[in-house]
Amino acid sequence: MDRLDAMNVFVLAVDEGSLAAAGRKLGRSPAAVSRAIAFLEERVGAELLHRTTRSIKLSEEGERYVAICRRVLTELEEAEDIAAGPHTAPRGLLTITAPVVSGEMVLRPILDAFLDAYPTVSAKLLLFDRAVNLIEEGVDVALRIGPLADSRWWRCGSAASAVSWWPPPAT
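Here the sequence shown stands for residues 8 to 178, numbered as in my numbering.
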């Protein structure tokens with residue numbers, strides 16, 4: 008069995024919270040997911056997951072191992088990106104925050120078109136009518152309406168540019 012594939016299966020099972028959910032996402036049976044995790048457990052000589060019929064829970068060794076697996080898989084992705092050069096399509100998770108109405112009315116249709124154009128990108132859209140801690144939430148792009156409270160953030164648009172993109176409706 009391929010160790011990197013087994014690591015990917017293990018991380019996905021942890022993220023999804025069950026072997027069946029990981030299997031559905033990967034197009035594999037829960038038994039195949041279980042075999043991949045058993046392969047890793049045999050290699051490291053420790054139980055990584057406590058399994059019941061309804062749930063999985065990381066063991067102490069599993070907690071440490073999943074963190075290392077995440078780093079290894081991230082490093083591998085970065086190495087592939089570097090080797091592929093600058094002309095590769097974007098991929099990964101894009102976290103965006105915006106006010107509720109602006110996000111639903113303006114941002115969501117644009118984001119849907121973007122995700123259709125770049126299927127290797129996934130998005131997490133955080134819609135709040137309050138300021139969100141951008142660092143804590145891991146936000147990549149924030150749509151804010153109003154004055155900037157912190158001068159470290161860049162204004163990439165203004166009312167004038169917004170009107171050029173979204174002209175007011177004809178009266």
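Using N, Cα and C, we set each Cβ at its ideal position, and we do this for glycine too.
Handout entry: Reduced DSSP secondary structure (H/G/I, E/B, other) of L122
Key = In the structure shown, L122 sits in a helix (DSSP, three-state: H, G or I).
Practice task
Using DSSP bridges, identify the partner residues of R58.
Solution key: Beta-bridge pairing links R58 to I63.
Practice task
Helix, strand or coil for S129, going by three-state DSSP, please let me know.
Solution key: Shown here, S129 sits in a strand according to DSSP, grouped into three states.
Handout entry: Top-ranked residue by Cα proximity to G153, from Y125, S109 and A124
Key = Taking each of Y125, S109 and A124 in turn and checking the Cα distance to G153, the smallest one comes out for S109.
Problem - Straight-line Cα distance separating V18 from T102 - result: Each residue's alpha carbon lies about 20 Å from the other.
Problem - Separation of M14 from S62, as counted between CA atoms - result: When rounded, the distance between both Cα atoms is 19 Å.
Handout entry: Within 9 Å, strictly: CB atoms of L11 and L80
Key = Yes, they are a contact pair.
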